[in-house]
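S.K.: Residue numbers 107 to 327, in the working numbering, belong to the letters of the sequence shown in order.
The beta carbon of each residue, even a glycine, is placed where N, CA and C say it ideally should be.
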Amino acid sequence: MIPNELKFLRVFESYTSIQGEGAHSGLPCHFIRTGVCDIRCTWCDTPQALASGEFWSKEKILASIPGWVHLVQITGGEPLIQKSSVIELATVLAGEPFRKKVLLETGGHRSLEGLPESVHIVMDIKLPASGEDHHPFEKNFQFLKPTDEIKFVIKDRLDFDRAVGWIRTHNLEFVCELLLSPVWGAVKLDDLVSWTLQESIDARIQTQLHKIIWGADAVGV
Ligand code: SF4
């Protein structure tokens, strides 16, 4: 039997690379990818983490993070399945002696309530092509800071139109930063730019930098 202190967080992988998305794109970043997700997006690009991972102690996780990297992203899988450990880890990382900037990437279907102010949240709003657009994402808007990010992953024009609906209905341009992120290879970038400008949407169009560098199927980068 594994002692409780060693069952701190179920981790799929821990590695240093560059941040490929969002406001911190291009910066060196250490990724803690938690294991297990409780939903199944059709276009998920980390299927290997959906049902696996091993328990790591807090000490093992902290020892895996290089001192020189300022940015640490807790991602998944779905990190908020293990919310209390994620909050504890984020709090430790933000404090002395680590002083890390912590990003948390979540599918948006689990509550953000109680996350430390220091955590930079990147939450998805799932769109029809994901097959997971039925969750009450709007319940989380009250927990977002202006500097946090909502990411819409867009596979087709219907997805784009639904993202516009979310943005207009909830005035999301005034809630936090917005990302329009095409499913790799599914949407032409110039189409996405045209649609965004035609609809006067004040959001950042992003591509996944790590896939440009290492290819769509590379893992652990
Ligand atoms: S929420 Fe993230 S990890 Fe879970 S299925 Fe969707 S894309 Fe994959």
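Is it buried or exposed, Phe266, if we count other Cβ atoms within 10 angstroms and call 16 or more buried?
M.R.: Along the sequence shown, one-based indexing puts residue 266 at 160. Buried, since its Cβ has 16 or more Cβ neighbours within 10 Å.
S.K.: I'd like the span of the beta strand (DSSP E) that includes His176, first residue to last.
M.R.: As a position in the sequence shown, residue 176 is number 70, starting the count at 1. First-last for His176: undefined, no H or E at that position.
S.K.: Would the segment 237–245 count as touching the segment 197–216 if we require 3 or more Cβ pairs under 8 Å?
M.R.: With the cut-off at 8 Å, the segment 237–245 and the segment 197–216 touch.
S.K.: When the Cα of Asp88 is compared with those of Thr148, Asp254, Glu119 and Phe137, which residue comes out closest?
M.R.: The displayed coordinates of the chain run from 107 to 327. Any statement about residue 88 would go beyond what the structure contains.
S.K.: Look at the alpha carbon of Arg146 and the alpha carbon of Gln154, and state the distance between them as a whole number of angstroms.
M.R.: For the purposes of this step, residue 146 is taken as the residue at position 40 of the sequence shown. For the purposes of this step, residue 154 is taken as the residue at position 48 of the sequence shown. Arg146 and Gln154: Cα-Cα distance of roughly 12 Å.
S.K.: Please report how far the alpha carbon of Ala200 lies from the alpha carbon of Val178, in whole angstroms.
M.R.: Here residue 200 corresponds to residue number 94 of the sequence shown, with the count starting at 1. Here residue 178 corresponds to residue number 72 of the sequence shown, with the count starting at 1. Looking at the two C-alpha atoms, the distance is approximately 10 Å.
S.K.: Starting from Lys317, follow the alpha helix (DSSP H) in both directions and report where the run begins and ends.
M.R.: The residue labelled residue 317 in the question sits at position 211 within the sequence shown. Per DSSP, Lys317 belongs to the alpha helix (DSSP H) from Leu315 to Trp320.
S.K.: So the candidates are Asp151, Val228 and Thr302; which of them puts its Cα closest to the Cα of Ile256?
M.R.: Residue 256 sits at position 150 when you count from the first residue of the sequence shown. Closest by alpha carbon: Val228.
S.K.: Ordered along the chain, which non-local residues of its own chain (more than five positions away) have a Cβ less than 8 Å from that of Leu298?
M.R.: Counting from one through the sequence shown, the residue named residue 298 turns up at place 192. Correct list, in chain order: Ile260, Phe266, Leu286, Pro288 and Ile311.
S.K.: By how many angstroms is the C-alpha of Ile319 removed from the C-alpha of Asp262?
M.R.: Mapped onto the sequence shown, residue 262 falls at position 156. Mapped onto the sequence shown, residue 319 falls at position 213. For Asp262 and Ile319, the distance between alpha carbons rounds to 24 Å.
S.K.: Note down, in chain order, each residue of its chain lying with its Cβ closer than 6 Å to the Cβ of Trp272, except the 5 sequence neighbours on either side.
M.R.: Against the sequence shown, residue 272 aligns to sequence position 166. Correct list, in chain order: Ile231.
S.K.: What is the rounded straight-line gap between the Cα of Lys317 and the Cα of Lys294?
M.R.: Stepping through the sequence shown from its first residue, residue 317 is reached at position 211. Stepping through the sequence shown from its first residue, residue 294 is reached at position 188. So the alpha carbons of these two residues sit roughly 15 Å apart.
S.K.: What's the call for Gly128, buried or exposed, on a 16-neighbour Cβ count within 10 Å?
M.R.: By 1-based counting over the sequence shown, the position of residue 128 is 22. Classification for Gly128: buried.
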